[in-house]
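J.:
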Amino acid sequence: MPAATPAPAPRPAPGSVTLDLAGRTALVTGAAGGIGRACALRLAAAGARVRAVDRAADGLEALAHEATGLPGAVEPRLLDLTDLAAAEAVAAGADILVNNAGLQLVRPIEEFPPDVFHTVLTVMLEAPFRLIRGALPHMYGQGWGRIVNLSSVHGLRASPFKSAYVAAKHGLEGLSKTAALEGAPHGVTSNCVNPGYVRTPLVERQIADQAAAHSIPPDRVLTEVLLKDSALKRLIEPEEVAEAVLYLCTPQASFITGTSLTLDGGWTAH
143 MPAATPAPAP RPAPGSVTLD LAGRTALVTG AAGGIGRACA LRLAAAGARV
193 RAVDRAADGL EALAHEATGL PGAVEPRLLD LTDLAAAEAV AAGADILVNN
243 AGLQLVRPIE EFPPDVFHTV LTVMLEAPFR LIRGALPHMY GQGWGRIVNL
293 SSVHGLRASP FKSAYVAAKH GLEGLSKTAA LEGAPHGVTS NCVNPGYVRT
343 PLVERQIADQ AAAHSIPPDR VLTEVLLKDS ALKRLIEPEE VAEAVLYLCT
393 PQASFITGTS LTLDGGWTAH
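Under the working numbering, the first residue of the sequence shown carries the number 143, and numbering increases by one thereafter.
#1: Per the DSSP calculation, Asp196 is bridged to which residue(s)?
#2: I need the straight-line Cα distance from His260 to Leu267, nearest angstrom please.
#3: Nearest CA to the CA of Arg299: which residue from Gly175, Arg275, Pro380, Asp406?
#4: Can you look up Ser294 in the DSSP assignment and give me helix, strand or coil?
#5: Spatial neighbours of Arg197 within its chain, please: CB distance less than 6 Å, with the 5 preceding and 5 following residues excluded, ordered by chain position.
#6: Rounded to the nearest angstrom, how far is the Cβ of Gly287 from that of Gly329, given a contact under 8 Å?
#7: For Val170, tell me which candidate among Ala164, Ala243, Leu403, Ser357 has the shortest Cα-Cα distance.
#8: Let's test the definition: count the other Cβ atoms within 10 Å of the Cβ of Gln352 and tell me whether it reaches 16, buried, or not, exposed.
#9: What's the gap between the Cα of Glu208 and the Cα of Ala384?
#10: The beta strand (DSSP E) spanning Leu403 covers which residue range?
#11: Taking the beta strand (DSSP E) that Thr167 falls in, what are its first and last residues?
#12: CB-CB under 7 Å to Gly285, same chain, minus the five flanking residues each way: which ones, in chain order?
#13: Using a 10 Å radius around the Cβ and a threshold of 16 neighbouring Cβ atoms, would you call Phe303 buried or exposed?
#14: Which same chain residues end up closer than 6 Å to Leu263 when comparing Cβ atoms and leaving out the 5 residues on each side of it in sequence?
#15: In angstroms, rounded to a whole number, what distance separates the CA positions of Arg184 and Thr210?
#16: Run the CB neighbour count on Asp257, radius 10 Å, all protein chains shown included, and call it buried at 16 or more, exposed below.
#17: With a 10 Å radius around its C-beta and 16 neighbouring C-beta atoms as the bar for buried, classify Val331 as buried or exposed.
#18: Using only the alpha-carbon positions, how far apart do Gly338 and Tyr282 sit?
#19: For Ser357, is the classification buried or exposed, using 16 other Cβ atoms within 10 angstroms of its Cβ as the cut-off for buried?
#20: Reducing DSSP to helix, strand and coil, say where Leu239 ends up.
#21: Measure the Cβ-Cβ separation of Gly165 and Ala186 and say whether it is below 7 Å.
#22: Output the distance between the C-alpha atoms of Thr410 and Asp371, rounded to the nearest integer angstrom.
Structure (structure tokens):
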């Protein structure tokens, strides 16, 4: 007899994306500002209890105040991610892990300070490894977990003068894919979200560095450097990135793993 045809999976009704994360614990790094702040607020708005990790005490305090009244909660956790043991410990028990923290320095390789290169790789690659390592036992134990790594278009493409950032983001892409392959039998997904230039303090601080590196006035950096390869000539907003992160945490995204979701305005279409 021919093998029975498997029954089709239930198809969700149009528009039925589930955004209810009540009862889930999320951890967001770099949560005091920019993309991390937007992710923490969006996850709390969906009902999650959010561990907001950052080294900026004032920013965490402001975030917690802003989250007052949301269905979920924001719990500030003051932490420098160069303390790798503490980073691993803070991730224990998290259902959702958003690796977002980052830093940037724009310099030619021959002028790039080795200590800064080391710090960038520690915060943006080694700390995510330790956070994932800390979160996985709980995720595996319950058969469910979501890892979202805030990569960048620079995880897929290189740019001059950003050796440490590009190296860290390329490494994060590989770490994310490895976590996806290992986590699949345990109900854990791992993906990257890859925005282009986002309207954040990190990007705003780059403008002066880029102006010096390219010998052009700061007012020309946005159009001639940052958005040169983007088809859409605007910065993406942190809240737009947060919506993509939230979607990857929903049940409807359970088959999306080991991939990179680009929000780059057409940059990588070239």
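Even for Gly, the Cβ is constructed at its ideal location relative to N, Cα and C.
T.: This is what the structure gives:
#1: According to DSSP, Asp196 bridges with Leu220.
#2: For His260 and Leu267, the distance between alpha carbons rounds to 10 Å.
#3: Answer by Cα proximity: Asp406.
#4: The three-state secondary structure of Ser294, taken from DSSP, is coil.
#5: Scanning its chain for C-beta atoms nearer than 6 Å, with the 5 sequence neighbours on each side dropped, one finds around Arg197 the residues Asp222, in chain order.
#6: Sure, about 7 Å apart at Cβ, within 8 Å.
#7: A check of alpha carbon separations from Val170 across Ala164, Ala243, Leu403, Ser357 identifies Ala243 as the nearest.
#8: So Gln352 ends up on the buried side.
#9: About 16 Å.
#10: For Leu403, the enclosing beta strand (DSSP E) covers residues 402 to 405.
#11: Element bounds for Thr167: 167 to 171.
#12: So the qualifying residues of the chain are His328, Gly329.
#13: Phe303 is buried by the Cβ-count criterion.
#14: Close CB contacts of Leu263 within its chain, under the 6 Å cut and outside five residues either way in sequence, are with Ala310 (chain order).
#15: So the two alpha carbons sit approximately 13 Å from each other.
#16: Exposed, because fewer than 16 other Cβ atoms sit within 10 Å of the Cβ of Asp257.
#17: What sits at residue 331 in the sequence shown is Thr, not Val. Per the 10 Å Cβ criterion, buried.
#18: One C-alpha to the other measures close to 32 Å.
#19: Per the 10 Å Cβ criterion, exposed.
#20: Secondary structure of Leu239 (DSSP, three-state): strand.
#21: In this structure, Gly165 lies away from Ala186, with their beta-carbon atoms at least 7 Å apart.
#22: Looking at the two C-alpha atoms, the distance is approximately 8 Å.
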